[in-house]
Amino acid sequence: MTAPSAGTVEMTIRFPYKRSLGPVIGAFMTGLAGQQILGIRNGSEVMCPPLEWDPKTGKELDHGALVEVGPAGTVVSWTWVPKPSAQHPLDKPFALALIRLDGADTALTHAVDAGSIDAMSTGMRVAPRWKAERQGHITDIEAFVPGEDPQGLDDSRPEEPVTMMPYNAEIPYTLPIAVNTARNAVALKEKRLIGLRCPVCSRTYAGERGFCPIDTTALTAEHEVQLPQTGTLTNYTIITPVQYPGQTETEPFARCMILVDDSDLVIGYQPVIDLPVEQVRVGVRVKLVWGDGDIEGWQPTGEPDVDDPDLVNRIY
Amino acid sequence: MSHQPCAVVGVGQTHHKTRRWDVSLGGLVREAATRALEDAQMDWSDIDAVVLGKAPDLFEGVMKPELYLTDALGAHGKPMFRVHTAGSVGATTGIVAAHHVETGRHKRVLAVAYQKQSEGNAQFALGSGRGGSLGAGGAFAPYMRSYIARSGSPLDIGPMVAVKDRLNALKNPYAHLKLTDISLEKVKESPMMWEPVRYLESCPSSDGACAVVLTDEEGGKAAAAAGRAPAWILGTAVRSEPSTFPGRDPVTPQGAFDCADDLYRQAGITNPREQLDCAELYVPFSWYEPMWLEAHRIAEKGRGWKMVESGETALDGDFPVNMSGGVLSSNPIGASGLLRLAEAALQVRGMAGEHQVDGAKVALGQAYGAAAQYFSMWVVASSLDPFGR
């Protein structure tokens, strides 16, 4: 069953990962930077791309037993890509093919720039078209092309062995917006703080929660309650931000637990306003400050602190 | 619930480091798996099934690593399973592997867990790729503040745990952090990261892997007859609970109590403090040692810190905790849970080397994950009937 949805939102996760390649793939990538394609001996067979171990038995292979294969080879299977995406190696229609390079017994997956689907066939002969700027990556071969002759040969060889590979991940998501999330967003725009009260256990949840996890009860519009926009700070954390790609914070910042007045709801990890990190403490009385269609944070009211030894335990 | 006995006959791990750029991901897991197979005196062909565990895929950006690593782990033509329960995943991986043996479905199972944190950034991954990530320390700091307030613990207890675990790590050749000049003063002078937790009271980011080989009663007895001590599994338990609901207490989570109670019942333990000889607990931040001693009924409520203060949890104390140096000294997150179970097994096999607890016969290995909402643990012993039931 799909949960009722109130539309979708797009988001993309990006991160520059670093791969360590190890002795065999490292040698393979170093070979590519120097326009050489390497396979590895596995008994009487040669595997290209090479692996560190025999995939059938798990036994370690002799990592020094690398041999040059190709550069030309035979297409053993293929599929046509009529509309390449941004992540594909070519920006025009091409074939993704399994290519058994001369001297190898296994096939390498790569692009074939054949111009048209009609030019593709199983058993056809292909050769690599090298990029001029190579970094020790599978895309150093721009694509394979029909024929026996490699293209783009030069005498540039890598100065250092290639040991690492950058992997810039970019994953776009289309996320459904839950009905409760949408209704909560409307309330926030109208500067209303809403909660959802479980009809079974009477616990109050934040306005976008879809269910009570204790009673596995669905929470819907009929369980909505209007909450006061004041509360007490029960516990907190001060974060010294670590820098990473996508980080938005540079200075230490506080995230606080707020027990909303007249309810049992603690809203977790909330920003605070006009309360410097060194003054953040348990018991501060706060009121909600509205931003543009959302909670901007919680600001001290100036009332005396609440002195209750159990308050610090209200993390949830 | 009756099942067949299961024994740990092989344990292997990598040398954990900030960066293991000398090996590929496959090379990293094989290093641990190869050592476990050598310890078990088995070859890849002896293994019937492989169970793989790791923390979220965003850590390394390798989606479906169980497919990618099938070749590296000799799983061609065999069942391969992936387990995921956040930070507790390593322990859950060992337990799932044990269940395959206990049910009689497989005779020899390889459990492997890993993390290669250097390929990505944990803070990024824990923040689901968004800015303003709290990280694990930031998320857990309120729990620790609550523990200190309710237990009345002196503030030195956290630093004392940190010193103890770092001293233990000096005796463990595989441990990541080796801080030879560690002292209470050094810990207290280190930067406050997520008040009340300081830098030296926190776990590192590590690259590493752990593997264990599990086998049935026949295999365990054969290993024992050949002079290779097995660790017999007396019980396994896994529990989870919702992360947030009004009134949830993450300092003494119901899931932890339920999990420990189930575990002790299976193992025939009525007095954990007396019947267990030592425990390897998931302590990524110093205050988790006293918290977990209480939440697993080893110490009475409010008295966990007293076990630390009195030195009972030191390697030469009455109830050693985190003999390996613990998560505070090595934290390849996905592997950390299995490392806890593996250390418990090494102790009762008498194979823990310099960090061996003299005469350890029964040991607890435990891990937790996410918002202290997943729990996985086992009790292992040097014999199938250590309490003469």
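Going down the list, the sequences are from chains A and B.
Residue 10 is where the first sequence starts when you use the working numbering, and the numbers rise one by one after that.
Residue 187 is where the second sequence starts when you use the working numbering, and the numbers rise one by one after that.
We treat Cβ as the ideally placed atom computed from N, Cα and C, and that holds for glycine.
As far as DSSP is concerned, E288 (chain B) takes part in no beta bridge. Nearest CB-CB separation between L312 (chain B) and chain A: not below the 8 Å threshold. Under a 10 Å Cβ-count criterion, D544 (chain B) is classified as exposed, with fewer than 16 other Cβ atoms of the shown protein chains found around its own Cβ. For L211 (chain B), there is no enclosing beta strand (DSSP E); the enclosing alpha helix (DSSP H) covers residues L211 to A226.
Here H119 (chain A) carries a strand assignment [DSSP, helix/strand/coil]. Around the beta carbon of T39 (chain A), 16 or more other beta carbons sit within 10 angstroms, so the residue counts as buried. According to DSSP, residue pairing for L242 (chain A) in a beta bridge involves A:I267.
Nearest neighbour of L110 (chain A) by Cα position, chosen from A:N193, A:L47 and A:V286, turns out to be A:L47. Counted as a single uninterrupted DSSP element, the beta strand (DSSP E) harbouring F267 (chain B) occupies residues M266 to V269. Contact annotation: A299 (chain B) and K240 (chain B) have beta-carbon atoms nearer than 8 Å. For the pair of segments examined, the region 331–351 of chain B was found to touch the region 370–390 of chain B: the number of CB pairs separated by less than 8 Å reaches three. With contacts defined as CB atoms closer than 8 Å, H541 (chain B) and N354 (chain B) qualify as a contacting pair.
Annotation for T17 (chain A): T183, L184, P185 and I186 place their beta carbon closer than 8 Å to its own, counting only its chain and skipping 5 residues before and after. At a cut-off of 8 Å between beta-carbon atoms, V513 (chain B) makes no contact with chain A. Judged by pairs of C-beta atoms under 8 Å, the region 212–231 of chain A does not touch the region 285–294 of chain B, as fewer than three such pairs exist. In this structure, A277 (chain B) lies near A553 (chain B), with their beta-carbon atoms less than 8 Å apart.
Contact between the region 186–200 of chain A and the region 166–173 of chain A is absent: fewer than three C-beta pairs spanning the two stretches fall below 8 Å. Residues of chain B whose Cβ lies closer than 7 Å to the Cβ of L30 (chain A) are, in chain order, S210. Burial of S515 (chain B) is indicated by the presence of at least 16 other C-beta atoms within 10 angstroms of its C-beta. Of the residues assessed, Q288 (chain A) falls on the exposed side of the cut-off, its CB having fewer than 16 other CB atoms within 10 angstroms. In the three-state reduction of the DSSP assignment, T278 (chain B) falls in the helix class. Using a Cβ-Cβ cut-off of 8 Å, G306 (chain A) is close to nothing in chain B; its nearest Cβ partner there is about 13 Å away.
The Cβ atoms of S272 (chain A) and G219 (chain A) lie no closer than 8 Å to each other.
Looking at the DSSP output, V298 (chain B) bridges to B:L238 and B:A397. For E61 (chain A), the nearest beta carbon of chain B is closer than 8 Å to its own beta carbon. Secondary structure of V275 (chain A) (DSSP, three-state): strand.
Exclusion of the five residues before and after K68 (chain A) leaves W62 as the residues of its chain whose Cβ lies within less than 8 Å of its Cβ. Put simply, of A:Q45, A:E233, A:Q279 and A:A263 the residue whose alpha carbon is nearest the alpha carbon of D149 (chain A) is A:Q45. Excluding five sequence positions before and after K200 (chain A), the CB atoms of its chain that fall closer than 6 Å to its own CB belong to W299, given in chain order.
The beta carbon of Y474 (chain B) sits no closer than 8 Å to any beta carbon of chain A.
The residues A215, I267 and V269, in chain order, have a CB closer than 7 Å to that of I276 (chain A) in the same chain once the five nearest residues on each side in sequence are set aside. Our two residues, P458 (chain B) and T115 (chain A), have alpha carbons roughly 56 Å apart in a direct line. One thing to note: A263 (chain A) has its Cβ no nearer than 8 Å to the Cβ of R23 (chain A).
Residues are counted here when their Cβ sits less than 9 Å from a Cβ of chain B; for the region 211–235 of chain A these are R212, T213, Y214, A215, R218, C221, P222 and I223, given in chain order.
Rounded to whole angstroms, the separation of the alpha carbons of L244 (chain B) and Y26 (chain A) is 10 Å. Here A141 (chain A) is exposed. Its C-beta has fewer than 16 other C-beta atoms within 10 Å.
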